[in-house]
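In this note's numbering, the protein residues as written are -9 to 362. Every residue gets a Cβ at the ideal spot worked out from N, C-alpha and C, and that includes glycine. All values reported here derive from a predicted model rather than from experimental measurement. Data first, discussion second: the structure below is written as structure tokens.
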């Protein structure tokens, strides 16, 4: 199967009106991710054949993973974890957030960001995001800070880095640590430096759908602060003291969970790092072409970019203004009609994160530990 028509080519009839679709049914869904070459497969197969799958059985692969992630983000320390949610939870522990403390985070993000705060028995305080970048701003963070604030969490939504220098200045002024969720921004840069290395601590999901994928699920925490790393490491493994060299004592020193990575994911991520630069460049080229096409169509606008940062396009989120397109319909009506048009063309466009976090049932009903 192949694309029948260039997406930007004019056609007499849209597929929804009986014309030929741009892509055959299922074609776009057939684009496999992660993409694995022979060396990737061989590395994972060797690990399978070794019979060693847990971090406790062999630490060499974990050390390699952590060293590579520290280098990739310009950090001193990295901590291998089993998910992005675990990474966020460990980041909160790393900066010493305590029960009842407030953590400022964006109102538009994945629910795991708020859930990690709640799991740590802290209080999420939602700050508004910019209408075009979908990221926190220094102004919105400043407005959300209170005497009970203990940390700020920034999320680089869709792969576009937030205004880190300006937000960090607000944090410095109030004496607050900054947590950087770069789950969707691995491969992005901000003012010449990679995402993940701009805050007190960075946390990322490396699940198989991310730009830097693992076998199923994985996560990573990165930091330049040894004590942040050590506190996070205690939460990672039952409160045990786990040293930078991998040695540990089987004695619980504090409360902790089981957030250890599996070795298949560690090996997979180490291999995928080799491909990250070329895949990121491909995403940027594809996005640039789509930006050009959308710029020629009234009502459409592509993702915001900036001269001082590079988007890595984990997702491509465009805006549509029906009024600018000359349509006398509501935004909701326009969005629903557009989805039908795109799906008819074989392009499975969906709305992502269209419900801000404060509207989630978890937050509205104050669910969680105890009786809410």
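The beta carbons of residue 101 and residue 141 sit about 18 Å from each other, so the pair does not count as a contact at 8 Å. Taking the C-beta atoms as reference points, residue 143 is found no nearer than 8 Å to residue 118.
The beta carbon of residue 131 sits closer than 7 Å to those of 94, 117, 142, 157 and 160, all from its chain and outside the five residues before and after it, given in chain order. In this structure, DSSP gives residue 179 an extended state, which the three-state scheme calls strand. Judged by beta-carbon spacing, residue 190 lies within the 8 Å limit of residue 218, meaning their Cβ atoms are closer than that value.
Counting every other CB atom within 10 Å of its CB across the protein chains shown gives residue 224 a total of 16 or more, marking it as buried. Of 124, 215 and 323, the smallest CA-CA separation from residue 167 is found for 215.
Under the three-state reduction of DSSP output, residue 299 falls in the strand class. Taking residue 44 as the centre and dropping the five residues before and after it, the same chain places the C-beta of 250, 252 and 253 closer than 8 Å to its C-beta, in chain order. When 108, 299 and 235 are compared, the shortest CA-CA separation from residue 181 is found for 299. DSSP places residue 69 in the strand class (E or B) of the three-state scheme.
Between the stretch 187 to 207 and the stretch 69 to 78, the count of C-beta pairs closer than 8 Å reaches three or more; the two stretches touch.
Residue ranges of uninterrupted beta strand (DSSP E) with 3 or more members, entirely inside the stretch 206 to 281 and ordered along the chain, are 209 to 213, 230 to 232 and 238 to 242. For residue 50, the enclosing alpha helix (DSSP H) covers residues 50 to 63. For residue 346, the secondary structure class from DSSP, reduced to helix, strand or coil, is coil.
By the neighbour-count definition (other C-beta atoms within 10 Å, threshold 16), residue 244 is an exposed residue. For residue 192, the enclosing beta strand (DSSP E) has its first and last residue at 191 to 195. Residue 98 places its beta carbon less than 8 Å from that of residue 346.
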